[in-house]
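In this note's numbering, the protein residues as written are 28 to 299.
Reading through the structure tokens given below for one structure.
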Ligand SMILES: Cc1cc2nc3c(=O)[nH]c(=O)nc-3n(C[C@H](O)[C@H](O)[C@H](O)COP(=O)(O)OP(=O)(O)OC[C@H]3O[C@@H](n4cnc5c(N)ncnc54)[C@H](O)[C@@H]3O)c2cc1C
């Protein structure tokens with residue numbers, strides 16, 4: 028439970044953080060809320076030589092309505108997402124997912140950027156950002172690039188971010204007044220999801236369905252989405268929830284139990 032030795036530097040700006048990442052190459056890791064990285068270090072699953080602390084970059088903590096998009100700074104806490112009036116009105120699915128994360132301490136310290144960059148296959152905000160068709164904005168040594176959420180998660184705790192890139196903003200299409208739902212099954216209160224689902228209806232009648240805990244990455248339930256788009260009733264479409272998924276089989280739950288949970292939770296979410 029004691030991390031390997033590391034050095035620590037606090038970045039005063041995005042540029043300073045990028046310079047530190049470049050200077051130390053793959054040995055450096057960004058520290059935001061520390062609620063995934065520090066536990067991983069204590070378990071020696073992560074052994075960064077240098078921690079670059081971005082936790083006090085207030086300029087990366089904001090929620091703004093920008094035309095027909097909501098811009099969320101990467102350092103925005105889960106707690107802010109729960110309470111922010113712009114989030115509540117324009118992307119309420121994000122607030123619904125944030126509300127289900129861990130406990131108040133985790134939600135006060137954890138950040139949306141840290142959660143997405145950590146890329147846990149069971150991360151609640153990942154499901155919401157996928158269902159909302161979010162775009163992730165990354166700054167790196169060669170400039171800024173935008174990564175669609177559907178291309179961001181590449182494997183268990185792996186993302187499309189390079190080691191010298193910093194996630195600065197998440198952009199979400201405003202979805203005021205559209206139906207949404209977030210459902211999650213955990214073994215104990217405050218736990219990570221065994222399986223979770225985020226649903227967002229879209230202009231034009233299409234429905235996006237994203238799953239967590241059903242594969243090596245958060246993913247879209249494409250078979251359900253296509254069935255709904257073809258006019259299949261929700262009560263039937265839910266039976267396709269696990270199609271195309273590779274649910275893990277481990278001590279938390281068997282793959283067949285996860286498939287059952289996905290069907291039940293997708294059914295509940297589509298009924299809301
Ligand atoms: C007890 C407990 C319960 C939890 N329960 C849940 C839960 O139910 N659901 C859930 O979804 N999560 C849960 N979490 C995780 C929590 O949401 C974390 O806050 C989140 O996963 C990581 O955010 P962070 O800001 O703490 O990131 P950190 O731990 O600081 O960083 C995580 C990773 O992201 C990288 N990183 C951080 N910020 C950036 C950035 N801006 N750009 C690029 N890389 C970056 C870091 O280098 C590191 O690799 C739980 C955590 C704990 C400790």
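Ideal Cβ positions, reconstructed from N, Cα and C, are used throughout, including at glycine.
Considering only DSSP beta bridges, list what residue 173 is partnered with.
164
Report all residues from its chain with a CB closer than 7 angstroms to the CB of residue 140; omit the five preceding and five following residues, and keep chain order.
Same-chain partners within the cutoff: 59, 101, 102, 194.
Any heavy atom of ligand 1 closer than 7 angstroms to the Cβ of residue 63?
yes
With DSSP collapsed to three states, give me the class of residue 62.
coil
Which stretch, first to last residue, makes up the alpha helix (DSSP H) that contains residue 35?
Not the alpha helix (DSSP H): residue 35 falls in the beta strand (DSSP E), residues 34-37.
Hey, is residue 218 close to ligand 1, as in C-beta under 7 angstroms from one of its heavy atoms?
yes
Report the partner residues of residue 197 according to the DSSP bridge assignment.
99, 163
Would residue 289 and residue 264 be called neighbours here (beta carbons separated by less than 8 angstroms)?
Against a cut-off of 8 angstroms, the Cβ pair of residue 264 and residue 289 comes out as no contact.
Bridge partners for residue 246 per DSSP, in chain order?
Partner(s): 238.
Tell me whether residue 138, by its Cβ, gets closer than 7 angstroms to a heavy atom of ligand 1.
yes
Taking only runs of the alpha helix (DSSP H) that begin and end inside the segment 84-164, which ones reach a length of at least 4 residues, in chain order?
105-110, 112-117, 119-126, 131-136, 139-145, 151-158
Across which residues does DSSP place residue 207 in a beta bridge pair?
227
What are the boundary residues of the beta strand (DSSP E) that residue 77 is part of?
Its beta strand (DSSP E) spans residues 77-80.
Return the bridge partner residues of residue 56 from the DSSP annotation.
78
In angstroms with no decimal places, state the Cα-to-Cα distance between residue 283 and residue 142.
27 angstroms
So what's residue 186 in DSSP terms, helix, strand or just coil?
Here residue 186 carries a strand assignment [DSSP, helix/strand/coil].
Quick check on DSSP: helix, strand or coil for residue 293?
helix
In the DSSP assignment, find the unbroken alpha helix (DSSP H) run with residue 50 in it and report its ends.
41-51
Burial state of residue 91 (16 or more Cβ within 10 Å)
exposed
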